[in-house]
Amino acid sequence: MRLIKLISLFISLVIIVPLIAEPEDLEVFIDFENIESPGDFSIGEPTRRVHFFGFKVQQEEGANHARSGSKALVLEEGEEGKIVFDRGINLIQFYAAETTRAGRIELRDKMHFFCIPMV
Amino acid sequence: MHPNGLVEQLPKSISLNANPPLQRFVAFSGDIEDINDLNYTNGIKEIKIKNVMGRFILDDLGFSHVIGPPDNVVYEDFERLTDNSTFRNQEVFSLGQSPVTASFTGGIAKNVLDRQSVLATPFNHTYPVDLNYLAQAAWVIPNDTTGTIIFETPAAQVQFYAALFILGDGIIRVFDSNDNLLVTRTDIPRGISIESDIPFTFIDLNAEELGASSGIGRITYTNGPEHSLATGFDSITIDDIGFTPIPQPFLGRQSILVPDDLIVEGLGEIVGTNISHPNGNIFDQVLLTGESVKVRADTDQISRVSFLDLNDDIVQVEFSGSRLMTVIMDPDTFKPPALPLKYNQNIKYVKGRPRIKIEGAAAVG
Chain A
553 MRLIKLISLF ISLVIIVPLI AEPEDLEVFI DFENIESPGD FSIGEPTRRV
603 HFFGFKVQQE EGANHARSGS KALVLEEGEE GKIVFDRGIN LIQFYAAETT
653 RAGRIELRDK MHFFCIPMV
Chain B
931 MHPNGLVEQL PKSISLNANP PLQRFVAFSG DIEDINDLNY TNGIKEIKIK
981 NVMGRFILDD LGFSHVIGPP DNVVYEDFER LTDNSTFRNQ EVFSLGQSPV
1031 TASFTGGIAK NVLDRQSVLA TPFNHTYPVD LNYLAQAAWV IPNDTTGTII
1081 FETPAAQVQF YAALFILGDG IIRVFDSNDN LLVTRTDIPR GISIESDIPF
1131 TFIDLNAEEL GASSGIGRIT YTNGPEHSLA TGFDSITIDD IGFTPIPQPF
1181 LGRQSILVPD DLIVEGLGEI VGTNISHPNG NIFDQVLLTG ESVKVRADTD
1231 QISRVSFLDL NDDIVQVEFS GSRLMTVIMD PDTFKPPALP LKYNQNIKYV
1281 KGRPRIKIEG AAAVG
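Chains as they are written, first to last, in this note's numbering: chain A, 553 to 671; chain B, 931 to 1295.
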C-alpha cells in the first residue's frame, strides 16, 4: 500500500510539475523591473530580441498591481500594443489583466522577412 | 490553452491575491493532431493587444524559442508563394535583407502538393493550418540539376529540412566562405511532412563545428541521375530553411558612413552600401525618412530608395548614372515613418504617392 502511495505521489509530481511551471522557468524571463523606457524598447541580444511597441513600463500601485515587483507593461484606454519576436517562440507564458475585463490578446505566426525576386 | 491564439475577457487584476490565470501558449507540440497547441509550426512571432477599454497590464513574461530552422535570423517556409505573385514559382530569388541574404538558383520555389496522387505531400515540411490555404510549398530541384544557395554574409548556422524520392540520389555539399568543401551529406530522408510517419530530422549545419570559423558561404543540393518515372515526381526538395550570419560589426540597420555623401539633400537614412547583388549589380540602399530625398549614385553602382506606396507595399526606386535623383512624396498623401502593415519588420517606412525627378538624363529602374 505504501508502495502504491509512493508511486502515485511520484507520478503526480512528474505530471504536475511541468503543468504548473511559471514563466520564470522558461528560456527567457522578463519581469520589467529594470526597464527604464519612455517609449518603444527592445530586450535581448541583437538578432534574438523581443520588441515592445506602444506600451509604457510603469510602476503599478493599487489592487491591479504587477504580478511580481512593482513594474509592468501598461496600456491605457484606446491604446494598442504589440510584442514582436526576432525568432519563433514555441512556448510563452505571462499574466495579463484589464480593469474592465475588456481587451483582446492575439497571437500570430507571421513571417519575419520578405522575399526579393531578382530581375 | 486558448483556441486560435486569442484571449478575451481578461481578469481584472494580476496581483498575487487575485490568483489570476496563467496565460500559456504552445506554438506547435510536434503533433499536427494535438488540439492543445496552436499549430503555429513556425512559432509565435507577434502578440497584439487591442480593444483596451480600461487599463491593460501585462507582467512576468517568459518564453522559449522553437528548436530548429525558425530559431534563426532569417527563416522561410516558402508558403508565401500563394499570396505573393512576385514570388510564385520563382527560380531565382533571395531571402532576407542585405547584408543578411541567401540567394537561391538552380531550383524553383513552388507548390509541391499533388492532389492527384499525394505523392509529393511528404516533400513539404510545414504549411499554415488553414482550410483556405491549400499550398504546400518548398524549394524544388529537378532531375540532373544542382540547386545552389549563396550567403551574402557567411552563415554561422544553417538549418533546413531536405527530402528526396530515391534514397542516395541526392547530395548536399557545404562550402566555407573560401569555397572549400566542408561536408557532404547523403543521409536525406524520403519525407519531411509533419503528418508523415517517415522518421526525419532537420539538417543542422554549424560553421564552428564544421571547422569554418569564417562561416558557411555556399550550399549545393544535387539531384542525381536516377529517375523514378513511376512516381511522376522526380524532384528533391528543401523546406523550412533558417540561417544566421556570423557576427560582424554594422550588421543590420545601423547607418554606415560613406566618404562621398550618397544623400545630397533631404531626409533619408543610409542602411547599406556596396551591397553585391547576385546578378552582378552593386547598390547602396537608402530608407526615405521624410517627404523627399535627393541621392546620387556611385560610379557603376545603383542607388535604391525605399518607402511604402498607398497600398502599403514596399517600393524600391533604383537609379544609376552620373546625375541626381529626387524622390518626393505628395504632401497630401504623405505619412511619417511607421511600421509597415503588410510586413512584419521592425523598420519604419514613410508612405505616400511618390514623384521622381532626375536632374539630367540617367537610367531609372
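Glycine is no exception: its CB is placed at the ideal position from the N, C-alpha and C atoms.
For A1093 of chain B versus I1118 of chain B, is the C-beta distance shorter than 8 Å? Result yes, Cβ atoms of A1093 of chain B and I1118 of chain B sit closer than 8 Å.
Rounded to whole angstroms, how far is the Cβ of G999 of chain B from the Cβ of F1090 of chain B, which I believe are closer than 8 Å? The residue asked about is misnamed: residue 999 of chain B is Pro in this sequence, not Gly. Contact between P999 of chain B and F1090 of chain B is confirmed by a C-beta separation of about 6 Å, below the 8 Å threshold.
Proximity winner among B:K1272, B:A1268 and B:V1280, relative to V1257 of chain B (alpha-carbon distances): Residue B:V1280 is the option with its Cα nearest to V1257 of chain B.
Using only alpha-carbon positions, find the residue among B:L1269, B:F1053, B:R1283 and B:F1008 that is nearest to N1241 of chain B. The residue with the shortest Cα to Cα distance from N1241 of chain B is B:R1283.
Could you tell me which residues DSSP pairs with I987 of chain B in its beta bridges? Here I987 of chain B is bridged, per DSSP, to A:V626 and A:A649.
So F1095 of chain B packs on R1115 of chain B, CB below 8 Å; how close in whole Å? Between R1115 of chain B and F1095 of chain B the Cβ distance is about 17 Å, and since that is not below 8 Å, they are no contact.
Chain B within 8 Å of G591 of chain A, Cβ atoms only: Contacts with chain B at 8 Å (Cβ-Cβ) do not include G591 of chain A.
Under the three-state reduction of DSSP, which class applies to A1085 of chain B: helix, strand or coil? Looking at A1085 of chain B - three-state DSSP - the assignment turns out to be strand.
Any beta carbon from chain B within less than 8 Å of V609 of chain A's own beta carbon? Closer than 8 Å: no.
For E629 of chain A, go through chain B and note every residue whose CB falls closer than 8 Å to its CB, in chain order. Residues of chain B passing the Cβ test: V982, M983, G984 and R985.
Cut-off 6 Å between Cβ atoms - residues of its own chain near R619 of chain A, not counting five sequence neighbours on either side: Spatial neighbours of R619 of chain A in its own chain (CB-CB distance under 6 Å, excluding positions within 5 residues in sequence) are listed in chain order as Y647.
Let me confirm a value: R1148 of chain B is counted as buried when at least 16 other C-beta atoms fall within 10 Å, else exposed. Which label applies? The residue is buried, with at least 16 neighbouring Cβ atoms inside 10 Å.
Let me know if M983 of chain B comes out buried or exposed under the rule of 16 or more other beta-carbons within 10 Å of its beta-carbon. With fewer than 16 Cβ atoms within 10 Å of its Cβ, M983 of chain B is classed as exposed.
Any chain A beta carbon closer than 8 Å to G1098 of chain B: Not a single C-beta of chain A is nearer than 8 Å to the C-beta of G1098 of chain B.
When the cut-off is 8 Å and only beta carbons count, does G655 of chain A lie next to chain B? Yes - at least one Cβ of chain B is within 8 Å of the one on G655 of chain A.
Just reading off the beta strand (DSSP E) that T1174 of chain B is part of, what are its end residues? Looking at the DSSP string, the run of the beta strand (DSSP E) that includes T1174 of chain B is I1166 to P1175.
Proximity below 8 Å, CB of Q1215 of chain B to CB of R653 of chain A: No, the Cβ-Cβ distance between Q1215 of chain B and R653 of chain A is not below 8 Å.
Taking only three categories from DSSP, how would you classify N642 of chain A? In this structure, N642 of chain A counts as strand in the three-state DSSP scheme.
In angstroms with no decimal places, state the Cα-to-Cα distance between T970 of chain B and L1254 of chain B. Contrary to the premise, residue 970 of chain B reads as Tyr rather than Thr in this sequence. Between the alpha carbons of Y970 of chain B and L1254 of chain B lies a gap of roughly 47 Å.
Exposed or buried, I1212 of chain B, counting other C-beta atoms within 10 Å across all chains shown (16 or more means buried)? Residue burial annotation: I1212 of chain B is exposed, with fewer than 16 other C-beta atoms found within 10 angstroms of its C-beta.
Buried or exposed: which applies to D1007 of chain B, given that a residue is buried once 16 or more other Cβ atoms fall within 10 Å of its Cβ? With a 10 Å radius around the Cβ and a threshold of 16 neighbouring Cβ atoms, D1007 of chain B comes out buried.
Please name the residue or residues paired with T1152 of chain B in a DSSP beta bridge. Assignment of beta-bridge partners to T1152 of chain B by DSSP yields B:T1076 and B:I1101.
Assuming D1214 of chain B is part of the beta strand (DSSP E), what are its boundary residues? Where D1214 of chain B is concerned, the enclosing beta strand (DSSP E) stretches over I1212 to R1226.
Out of B:Q1027, B:I987 and B:I962, state which residue places its alpha-carbon closest to the alpha-carbon of Y1273 of chain B. Y1273 of chain B has its Cα closest to that of B:Q1027, out of B:Q1027, B:I987 and B:I962.
Cut-off 8 Å between Cβ atoms - residues of its own chain near E574 of chain A, not counting five sequence neighbours on either side: Once the five neighbours on either side are set aside, the close Cβ partners of E574 of chain A are Q645.
Among B:F993, B:E963 and B:Q1087, which has the Cα closest to the Cα of Y1005 of chain B? Checked all of B:F993, B:E963 and B:Q1087; the closest Cα to Y1005 of chain B is B:Q1087.
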